[in-house]
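K.L.:
The following block contains the structure, expressed as structure tokens.
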Amino acid sequence: MHIDELTKLVVDALDEMKAVDVRVLDVRDRSSFTDVMVIASGTSSRHVKAMADNVMMKAKKSGVALLGSEGERTAEWILVDFGEVVVHVMQPQIRDFYNLEKLWSTGEQDGAERMKAH
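In numbering that gives the first Met the number 0, the protein residues as written are 0 to 117.
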């Protein structure tokens, strides 16, 4: 699956579960381990877990291989790794603390984020 298709699949799966503040960051020029990061918030640990599960289920149905996932037990921050696309589903206080958008942003709107905005 092409990276843009995988990114859309992830964003759609998150939107389907009412994810809060979904952001797509193109990090190709800043990362050697992934090309795109998708970051979203959930309203509770149960919501975070349901969103991550939905992303993994939709990807599996589309034949996308999951490289790994972390954080399901506490569901404060679940990382879902598809290689070219890494998904971070977080509770708001964890997201605010780690502020991944600021860490990985160049200060200008990323191409993949622009794709989501249209």
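For every residue, glycine included, the Cβ atom is placed at its ideal position computed from N, Cα and C.
Compute the Euclidean distance between the alpha carbons of residue 22 and residue 70, then round it to the nearest angstrom.
P.N.:
Answer to the nearest angstrom: the Cα atoms are 20 Å apart.
K.L.:
Comparing alpha-carbon positions, which option in 17, 77 and 84 lies nearest residue 94?
P.N.:
Ranking the options by Cα distance to residue 94, first place goes to 77.
K.L.:
Can you tell me where the alpha helix (DSSP H) holding residue 69 begins and where it ends?
P.N.:
Counting along the chain, residue 69 falls outside any alpha helix (DSSP H), though it belongs to the beta strand (DSSP E) covering 67-69.
K.L.:
Could you pull the start and end residues of the beta strand (DSSP E) that residue 36 belongs to?
P.N.:
Counting along the chain, the beta strand (DSSP E) containing residue 36 begins and ends at 35-40.
K.L.:
Cβ-heavy atom distance between residue 48 and the ligand FMN below 6 Å?
P.N.:
Absence of the ligand FMN from the depicted structure is noted, as is the absence of any ligand whatsoever, leaving it without description.
K.L.:
Run through DSSP, which three-state label would residue 94 get?
P.N.:
Here residue 94 sits in helix by DSSP.
K.L.:
Using a Cβ-Cβ cutoff of less than 7 Å, which residues in the same chain neighbour residue 58 once the five nearest sequence positions on both sides are dropped?
P.N.:
Answer for residue 58: 8, 65 and 81, listed in chain order.
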